[in-house]
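Here's the structure, in structure tokens; my notes come after.
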Amino acid sequence: MSNTSDFSAISEICTEKTFWNLKGKIIRLWQVSDFNGNRMPFSIEMVILDEAGDRIHASLKKTLIYKFRNDLFEGKCFSFENMGVANNGGGYRTTKHTYKLNFQLSSKVKYLPALTITKSPYQLVPISEVIGGTYDTDYLVDIIGVLTGVGSERELERNGNMTKLNVIELEAGGFKIQCTLFGSYVDDLNSFIASGDIPNAIVIIQLAKAKSFQDKIHVQNCIGCTKVIFKPTCDAAVSMRNRLSETVDTPSPLGLTQLQPEAKLDPREEFLYGTPRNTMQGLKDATTNEVYVVLGTIKRIVNRENFWYTACICSKAVIPDSQMFYCEKCDRHVKKVFSRYCLRVRAIDHTDCATLVIFDKEATALFNKSCVDMLAEHGVAVSEGHLPPEIAGIIGKTFLFKVETKVDQNPRFEQSFRVRKICAMPDVINEFKKKWGEEEAAFFKNAMEASSLSVLLDKGKAPMIAGSSDVLNQDDFSLTEPVEKCKEMLLGEGSGIVTQDLLPKFAVADCEFDVVEISQKGSAASSKRGSPTTDDDEMNMSLKMLRKTIKIEKP
1 MSNTSDFSAI
11 SEICTEKTFW
21 NLKGKIIRLW
31 QVSDFNGNRM
41 PFSIEMVILD
51 EAGDRIHASL
61 KKTLIYKFRN
71 DLFEGKCFSF
81 ENMGVANNGG
91 GYRTTKHTYK
101 LNFQLSSKVK
111 YLPALTITKS
121 PYQLVPISEV
131 IGGTYDTDYL
141 VDIIGVLTGV
151 GSERELERNG
161 NMTKLNVIEL
171 EAGGFKIQCT
181 LFGSYVDDLN
191 SFIASGDIPN
201 AIVIIQLAKA
211 KSFQDKIHVQ
221 NCIGCTKVIF
231 KPTCDAAVSM
241 RNRLSETVDT
251 PSPLGLTQLQ
261 PEAKLDPREE
271 FLYGTPRNTM
281 QGLKDATTNE
291 VYVVLGTIKR
301 IVNRENFWYT
311 ACICSKAVIP
321 DSQMFYCEKC
331 DRHVKKVFSR
341 YCLRVRAIDH
351 TDCATLVIFD
361 KEATALFNKS
371 CVDMLAEHGV
381 AVSEGHLPPE
391 IAGIIGKTFL
401 FKVETKVDQN
411 PRFEQSFRVR
421 KICAMPDVIN
431 EFKKKWGEEE
441 AAFFKNAMEA
451 SSLSVLLDKG
461 KAPMIAGSSD
471 VLNQDDFSLT
481 EPVEKCKEML
491 LGEGSGIVTQ
501 DLLPKFAVAD
511 CEFDVVEISQ
521 KGSAASSKRG
531 SPTTDDDEMN
541 MSLKMLRKTI
551 KIEKP
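First residue of the sequence shown? That's 1 in UniProt numbering, and the numbers climb one at a time after it.
This is the structure in structure tokens:
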């Protein structure tokens with residue numbers, strides 16, 4: 001297709017054309033490091049904003065970095081010509097545009113100093129929306145808040161490398177969220193705190209990743225992509241600062257809290273009291289996304305021959321491609337991969353059986369051995385289709401599983417449930433059995449008693465309802481005097497209202513009738529009536545007489 005000098009708006013970009021031209025401002029620009037240790041970046045990524053306020057992601061692959069790296073600057077406006085288009089996917093999307101742009105060898109970039117785009121580079125999302133669970137975590141998020149807490153710096157070992165880690169807390173609108181910072185971001189935080197200008201400090205975190213940890217939503221930086229701005233001067237920050245100075249609740253600067261690492265939950269508290277209990281059948285019948293504790297015995301390993309998978313550094317499975325591996329979540333090729341557990345087991349309880357999926361973190365804790373070490377120790381046996389003894393040993397054992405239910409599972413596939421945590425402690429399991437055994441016994445006892453009482457009351461209602469003026473009409477048939485007396489007690493003076501004293505009186509009445517044929521001849525009907533009982537006999541009769549049925553048939 002021939003090039004054109006016309007420039008399109010970002011909102012118009014789609015797959016109808018092979019190449020696109022646009023004008024925009026680079027609001028975020030960063031390099032993606034090559035995890036293989038090469039000094040050359042793997043790619044250069046950017047987010048472009050146009051005059052309408054729309055934004056789109058653009059990628060510059062490794063082989064073209066030399067051509068454009070000196071022409072691109074964050075915060076400047078450019079024209080881009082002959083840009084290719086591709087689908088925008090993965091779990092770290094910087095924009096909500098359906099597509100993204102790719103630089104081509106024929107692409108052209110020109111700096112436009114006369115072009116001014118004043119739209120905000122941030123798409124701020126309220127903290128309440130992020131922690132409320134309604135935000136789609138496949139998209140990176142921008143948040144703003146007052147710095148109210150800072151944790152203690154520590155080091156974390158990950159994939160054989162040591163990295164710095166610290167946590168900060170932001171507050172906005174009465175809601176708080178914690179943000180975990182890694183690597184150089186910790187150095188930036190330390191420099192800001194050392195400046196001393198931290199009371200009521202406002203912080204913006206741009207392009208952060210929202211994640212769930214211990215059933216709480218928090219955000220963390222993405223290496224290179226995320227930008228942390230301390231004491232920003234944008235309109236949103238100025239507005240928040242003005243609200244802080246005007247509010248009555250904060251006449252003085254907000255204090256900075258020393259955040260403590262979240263303590264691990266005691267297994268007894270977590271599995272016995274902290275999480276609702278369910279059964280295997282209950283998991284299958286669940287209609288909401290929830291986390292439950294279920295007791296189950298593992299009967300077999302479903303995926304005996306592929307209990308592990310090859311994963312990217314982001315923990316997602318990779319696809320072999322061109323002597324490398326492609327990660328769909330990161331949307332790029334990677335060379336550094338790891339072996340991770342993915343066990344599918346069939347577990348059973350007294351109600352049903354279900355398929356549970358145990359991933360790497362939980363399986364490593366269960367076996368006390370990483371998947372890499374497991375394969376290195378039993379490599380030959382695993383390659384021949386044999387299960388390592390550590391994995392085979394869990395068959396027949398009973399565990400407490402903390403699992404989550406998903407109501408949006410594809411009905412074409414077998415229903416399965418992800419295991420979030422496993423408890424193998426015998427004392428906790430026994431206490432769980434005792435606790436729920438006693439509660440279930442008490443529940444069924446109360447249910448049976450209530451059911452029996454309900455049956456008695458329902459049986460007692462039958463003759464009362466049948467005693468309405470529409471059925472028992474004196475003009476239609478005649479019973480003996482005691483029956484007439486009973487009927488008067490049931491009906492009163494045509495009111496049809498049953499009094500409180502009726503039930504005991506009715507209970508001691510002789511209700512053992514044959515079928516009464518209603519006719520105009522009262523003698524025929526009364527001949528089928530047994531002799532009435534005396535008052536002494538009535539006092540000795542059991543409530544079981546309520547189970548007898550009075551049948552009245554019309555001619």
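Ideal Cβ placement from N, Cα and C applies to all residues, glycine included.
Just so you know, these numbers come straight off a predicted model, no measurement behind them.
Classification of residue i by the beta-carbon crowding that lies within 10 angstroms, buried from 16 upward
i      : result
TYR341 : buried
ASN368 : exposed
ASP187 : exposed
GLY379 : exposed
HIS350 : exposed
CYS314 : exposed
ALA525 : Reliability fails at ALA525, whose pLDDT of 41 lies under 50, so the model's placement of it is uncertain and the value that follows must be treated cautiously. Buried.
SER107 : buried
ASN161 : exposed
VAL238 : exposed
Option nearest residue i by Cα separation, candidates the options
i           : options                           : result
ALA347      : LEU295, PHE78, ASN200 and THR94   : LEU295
GLY393      : ALA376, ILE313, ALA363 and ARG420 : ALA363
VAL302      : ILE358, THR63 and PHE271          : ILE358
TYR92       : VAL382, GLY224, LEU356 and LYS284 : GLY224
ASP197      : VAL318, GLN281, VAL146 and ILE10  : VAL146
residue 563 : ILE395, GLU328, LYS336 and ALA376 : Residue 563 is absent from the model: the chain starts at 1 and stops at 555.
PHE78       : LEU105, LYS23 and PHE103          : LYS23
ALA58       : VAL85, SER33 and PHE42            : VAL85
CYS371      : ASN278, LEU112, LEU124 and TYR309 : TYR309
THR116      : LYS96, VAL419, GLN123 and ASP50   : ASP50
PRO426      : SER106, TYR135, VAL403 and PHE271 : PHE271
ARG420      : SER322, VAL228, THR405 and PHE413 : THR405
ILE217      : TYR273, THR137 and LYS284         : THR137
HIS245      : ARG300, ALA424 and PRO199         : Note that residue 245 corresponds to Ser in the displayed sequence, not to His. For SER245, the nearest C-alpha among the options comes from PRO199.
Residue i to residue j span [Cα, whole Å]
i           : j      : result
MET46       : ILE298 : 48 Å
LYS397      : ILE143 : 46 Å
TYR139      : GLY437 : 45 Å
VAL130      : LEU72  : 32 Å
residue 556 : ALA208 : It is not possible to answer for residue 556, since the shown part of the chain is limited to 1 through 555.
LYS17       : ALA286 : 46 Å
ASP54       : PRO121 : 10 Å
CYS14       : TYR99  : 7 Å
LYS119      : ARG28  : 14 Å
LYS110      : ASP266 : 60 Å
ILE127      : ALA210 : 11 Å
PHE7        : GLU377 : 60 Å
GLU269      : ASN430 : 14 Å
ARG243      : ILE10  : 35 Å
GLY174      : ARG241 : 15 Å
SER469      : CYS353 : The predicted model places SER469 with a pLDDT of 40, which falls under 50 and marks its position as unreliable; any figure quoted below should be read in that light. Spanning the two alpha carbons is a distance of roughly 55 Å.
GLU390      : LEU189 : 44 Å
ARG412      : VAL318 : 24 Å
residue 582 : LYS361 : As displayed, the chain neither begins before 1 nor continues past 555, which places residue 582 out of reach and without an answer.
ASP408      : LYS284 : 12 Å
Whether residue i touches residue j by CB criterion (9 Å)
i      : j      : result
PHE401 : VAL293 : yes
LEU193 : VAL150 : Position check: residue 193 holds Ile in this sequence, whereas Leu was assumed. Yes, these two residues count as a Cβ contact at 9 Å.
PHE80  : LEU101 : yes
GLN178 : VAL203 : no
ASN88  : PHE19  : no
LEU375 : SER339 : yes
GLN281 : THR355 : no
LYS316 : GLU305 : no
LYS62  : SER33  : no
LEU259 : GLU171 : no
ARG418 : VAL345 : no
Coil, strand or helix - residue i by DSSP
i      : result
CYS371 : helix
GLN281 : helix
LEU272 : helix
ASP408 : coil
ASP331 : coil
ASN161 : strand
ASN200 : coil
GLU153 : coil
VAL419 : strand
ILE394 : coil
ASN242 : helix
VAL291 : strand
ASN70  : helix
GLU171 : strand
Residue i Cβ short of 8 Å to the ligand GTP heavy atom set
i      : result
VAL291 : Summarising the ligand content, the structure contains no ligands, and the ligand GTP is consequently not present.
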